[in-house]
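Data block below; observations after.
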Amino acid sequence: MTEHQTSLPRLRTTAAESNGGGGPAPFGIAETVELLVDLIGATKLVPEDQLALAGGRARQTGSFARALVEEGIATSAGIAHRHAVQFRLPRIDFATTEVDEQAVLAIPLRVLERAVAMPYELADGVLRIAVADPGDVQAIDELRLATPHQLELAVATRDEIVAELGRRERASTATAVPTVVEDDEFEFDMAPEIDLEADDGLSDEPLVRLVNSILFKAAEDGASDIHFEPQEGSLLVRFRIDGVLREVQRVPKQTAAGVITRFKVLAKLDIAERRKPQDGRISVNAAVAGRKLDVRVVTLPTVYGESAVLRLLDQSSKPPTMVELGLSEAMQVQLGRIVDRPTGALLVTGPTGSGKTTSLFAVLTALSRPEINLITVEDPVEYRLPGVKQVQVNQRGGVTFATALRAILRSDPDVVMVGEIRDGETAKIAIEAALTGHFVLSTLHTNDAPSALTRLNEMGVEPFLVGASVTGVLAQRLARKLCTHCAEAYTPTADELVAARVSPDVAAASDGTVLYRKRGCPRCDMTGYRGRIGIFQLLSMTEDLASLAAGKASRQEIERAAFESGMGTLWDDGIAKIMAGLTSLEELARVTS
Numbered sequence: 007m008t009e010h011q012t013s014l015p016r017l018r019t020t021a022a023e024s025n026g027g028g029g030p031a032p033f034g035i036a037e038t039v040e041l042l043v044d045l046i047g048a049t050k051l052v053p054e055d056q057l058a059l060a061g062g063r064a065r066q067t068g069s070f071a072r073a074l075v076e077e078g079i080a081t082s083a084g085i086a087h088r089h090a091v092q093f094r095l096p097r098i099d100f101a102t103t104e105v106d107e108q109a110v111l112a113i114p115l116r117v118l119e120r121a122v123a124m125p126y127e128l129a130d131g132v133l134r135i136a137v138a139d140p141g142d143v144q145a146i147d148e149l150r151l152a153t154p155h156q157l158e159l160a161v162a163t164r165d166e167i168v169a170e171l172g173r174r175e176r177a178s179t180a181t182a183v184p185t186v187v188e189d190d191e192f193e194f195d196m197a198p199e200i201d202l203e204a205d206d207g208l209s210d211e212p213l214v215r216l217v218n219s220i221l222f223k224a225a226e227d228g229a230s231d232i233h234f235e236p237q238e239g240s241l242l243v244r245f246r247i248d249g250v251l252r253e254v255q256r257v258p259k260q261t262a263a264g265v266i267t268r269f270k271v272l273a274k275l276d277i278a279e280r281r282k283p284q285d286g287r288i289s290v291n292a293a294v295a296g297r298k299l300d301v302r303v304v305t306l307p308t309v310y311g312e313s314a315v316l317r318l319l320d321q322s323s324k325p326p327t328m329v330e331l332g333l334s335e336a337m338q339v340q341l342g343r344i345v346d347r348p349t350g351a352l353l354v355t356g357p358t359g360s361g362k363t364t365s366l367f368a369v370l371t372a373l374s375r376p377e378i379n380l381i382t383v384e385d386p387v388e389y390r391l392p393g394v395k396q397v398q399v400n401q402r403g404g405v406t407f408a409t410a411l412r413a414i415l416r417s418d419p420d421v422v423m424v425g426e427i428r429d430g431e432t433a434k435i436a437i438e439a440a441l442t443g444h445f446v447l448s449t450l451h452t453n454d455a456p457s458a459l460t461r462l463n464e465m466g467v468e469p470f471l472v473g474a475s476v477t478g479v480l481a482q483r484l485a486r487k488l489c490t491h492c493a494e495a496y497t498p499t500a501d502e503l504v505a506a507r508v509s510p511d512v513a514a515a516s517d518g519t520v521l522y523r524k525r526g527c528p529r530c531d532m533t534g535y536r537g538r539i540g541i542f543q544l545l546s547m548t549e550d551l552a553s554l555a556a557g558k559a560s561r562q563e564i565e566r567a568a569f570e571s572g573m574g575t576l577w578d579d580g581i582a583k584i585m586a587g588l589t590s591l592e593e594l595a596r597v598t599s
């Protein structure tokens, strides 16, 4: 036996074994959890209420380590490191470890899922396998019985193992196809393939696998959009991840028409019409890579054929809280004061894809209480919030932002959220609602916060209404976060800072400051970035600003007064996040230029 095997404790697993020697019975799950809770509680490092919740969860799942992670007391990486040290086993990171497919096939997938284990190498009759809990002797014994190979154990985090197993499971069920149901939704299941009555190869199994694999990979990579772009000799597939398009693969030209047509059929579009733009939707009821998706499909004729863009809306995601948005402490206090007011209008501005709706839902989450009636009108509904009435815009059915807003105002709301102010009619109704005892949330497409006030005037809203109703404007961008595993520290020169639009005075004062820049590693797909963070500018209305807005002042006059009242710029907030090591100068320049 190897050292890795002999280092594992051999615990008794049956009542006969445990009492065969006449000794006392071993602790059960409940007794073990109580002991661990007492030991950790004695350290006073974890709040008693949080530890009690972890203990209750551990009694249900049988894993105290998992309960600590789920309650936020410990991290998966920390638990894995502790297990590796305790059992003297190597620590495996699947982001940098290549998995041998032959090793994966050595043990049935169902056994690996029960044991939370992932084989990664098979050589000379030895199967190297990573487990989440080396102390789970029953699971390890099941692994030994499931393979003739000698096992050599290692430790990986539960999240990494579950993700790897999920990829294998999805690969084995890639032939599952979306199935049309009566309520215009589609569902991934293992039902026989539907005859789509088309002669373009839609019923060809390789095409089904290709289409589904692209959708699965996009969901797995956290893509917000999938672009299918016909080229002269192929169909280019690109994912938008963290706001940036990334080429994924090229589909042969002879298959391109089948791929586009398949999505058109699923979205109930006219497959015979290839000369006009069309749009539709596909609902995916089952989780795809852990995401419950609503897919919006838009087709557009180009010189090389039809292109398609799929917007992936994650229905299972939860909006962040106001604290998690990334606002500075000062902005959190200011925004809290604006939100606490019973009437007025809070506008969130920025370009498409800058996270405006996410910020609005963070505010809605803070406002949601049983004694308040919250109603939203959106296109599309991106988040589902319990206790909030959400209305979906339906242009074909006559439900526009303006018509829905009129009906909402007759439904006794306290808080109204308008997904976007797109026209003068919607703007007037929303602003008037803010003056008649409602708190209104909405978005506008402007580059900064002061421009929102003048934009309302341009849309036909009377200046005195703008000054009296708008209580705050939040402008924002989304910048990619530096990968925490490969970010590289460096000391920029004053000239480099000036070239990055830092003022000469600040650049001279910052000489010698350590910043971070992208590098690239397997965890971030060699991009140097992973995830995004908000860059914000908050204009809080004062009496002077309200007077200027009511007097139809120019954007420059409003901006000057806002700076005097303490408002900063998007660039200022971005620089603060750069100094904190969250993003890079290059990325800040990209999103704010």
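Counting with the working numbering, you get residues 7 to 599 for the letters of the sequence shown.
Ideal Cβ positions, reconstructed from N, Cα and C, are used throughout, including at glycine.
Nonlocal neighbours in the same chain, by C-beta distance under 7 Å from residue i, ignoring five residues either side
i    : result
G526 : C492, M532, T533 and G534
P456 : L545, R561, I564, E565 and A568
T364 : P325 and P326
S590 : L488, Y522, R523, K524 and I584
T406 : V399
T477 : I344, R347, G350, A351, L352 and M547
D248 : R486, Y535, G537 and R538
R281 : P307
Beta bridge counterpart(s) of residue i as assigned by DSSP
i    : result
V476 : A351
V257 : L241
Y522 : A495
Q396 : T382
M547 : Answer is none; M547 lacks a bridge partner.
V303 : G286 and L316
R486 : R538
T371 : Partner(s): none; T371 has no beta bridge.
P236 : L241
Residue i versus residue j: straight-line alpha-carbon distance, rounded
i    : j    : result
M393 : S289 : The sequence as given places Gly at residue 393; Met does not occur at that position. So the alpha carbons of these two residues sit roughly 23 Å apart.
E170 : E107 : 12 Å
D276 : A225 : 26 Å
I435 : R246 : 35 Å
A439 : D550 : 23 Å
V39  : L157 : Caution applies to V39, whose pLDDT of 48 falls short of 50 and renders its modelled position unreliable; the model cannot decide the point.
V110 : H451 : 50 Å
I437 : E431 : 10 Å
S240 : T308 : 14 Å
Q284 : L373 : 38 Å
V271 : K259 : 20 Å
Q340 : L554 : 20 Å
E119 : V168 : 8 Å
G425 : L128 : 54 Å
D511 : F367 : 39 Å
M573 : P140 : 54 Å
Y496 : A86  : 31 Å
Nearest neighbour of residue i, chosen from the options [CA to CA]
i    : options                   : result
S516 : L503, P528, R523 and Y522 : L503
V105 : G286, R94, R173 and T364  : R173
G540 : K362, P510, L316 and L306 : K362
N400 : D385, L391 and Y389       : D385
I146 : A121, T163 and V479       : A121
L149 : D130, E166 and M124       : M124
H233 : A262, E119 and Q482       : A262
D99  : A559, T163 and G359       : T163
L471 : G580, D227 and A433       : A433
H155 : I113, T81 and K298        : I113
D142 : F93, A514, Y126 and D130  : F93
T499 : T490, G518, Q482 and L380 : G518
Close Cβ partners of residue i (< 6 Å) along its chain, the five nearest in sequence each way excluded
i    : result
E9   : At E9, the pLDDT of 40 sits below 50, so the modelled position is not reliable; the number obtained from the coordinates is stated separately. Nothing meets the Cβ criterion.
Q255 : V243
E303 : Looking at the sequence provided, one finds Val at residue 303 rather than Glu. Taken in chain order, the residues that qualify are F269, A273, G286 and L316.
A552 : G473
E235 : L242 and S313
G311 : P236
T102 : P528
D300 : S289, L319 and Q321
L251 : R244
Q396 : T382 and V387
E593 : A485 and R486
Same chain only: Cβ atoms within 8 Å of residue i, ignoring 5 sequence neighbours per side
i    : result
H444 : T349, L415, P419, D420, V421 and V422
Chain C within 9 Å of residue i, Cβ atoms only
i   : result
R94 : In the structure shown, chain C does not exist; there is a single protein chain.
Report the start-end ranges of each beta strand (DSSP E) in the segment 70-136 that is 3 residues or longer and not cut off at the edges.
123-129
Entirely enclosed alpha helix (DSSP H) segments - the segment 310-349, minimum 4 residues
335-346
Could you name each continuous alpha helix (DSSP H) segment of 4 residues or more that falls completely within the segment 390-439, going from the start of the chain to the end?
407-415
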